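So the sequence shown is numbered by our numbering: it starts at 75 and just counts up by one.
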Amino acid sequence: MAEKEFTVTREKLEGKVVQDVSVNDKAVVIQFTDGTYLDVYMATETGSLKASTNQLKQD
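Encoded structure:
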């Protein structure tokens with residue numbers, strides 16, 4: 075699977091309310107009340123910090 079590059083912008087996160095936070099030695103995942111997640115993690119191949127956002131789709 076090809077890796078896609080995404081940019082997380084502050085403007086897209088402003089005004090969101092944090093519902094839950096999970097922290098471990100490799101990542102931080104922040105869940106917002108609208109179902110959006112912000113993932114901050116250490117990329118194993120480069121050793122640099124990466125961030126991504128996603129949203130769960132509910133049927």
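No residue lacks a Cβ here, since even glycine has one placed at the ideal position from N, Cα and C. Please read all numbers here as calculations on a predicted model, not as lab measurements.
Legend entry - C-alpha gap between ALA101 and TYR115, whole angstroms: 4 Å
Inset, instruction - Starting from the C-beta of ASP94, find all residues in its chain whose C-beta is less than 7 Å away, skip the five residues before and the five after it, and write them out in chain order. - result: GLN105
Inset, instruction - Using a threshold of 9 Å, state whether the C-beta atoms of VAL97 and ASP113 are closer than that. - result: no
Legend entry - First and last residue of the uninterrupted alpha helix (DSSP H) at LEU87: 84-87
Inset, instruction - Indicate the three-state DSSP secondary structure (helix, strand or coil) for VAL91 in the structure shown. - result: coil
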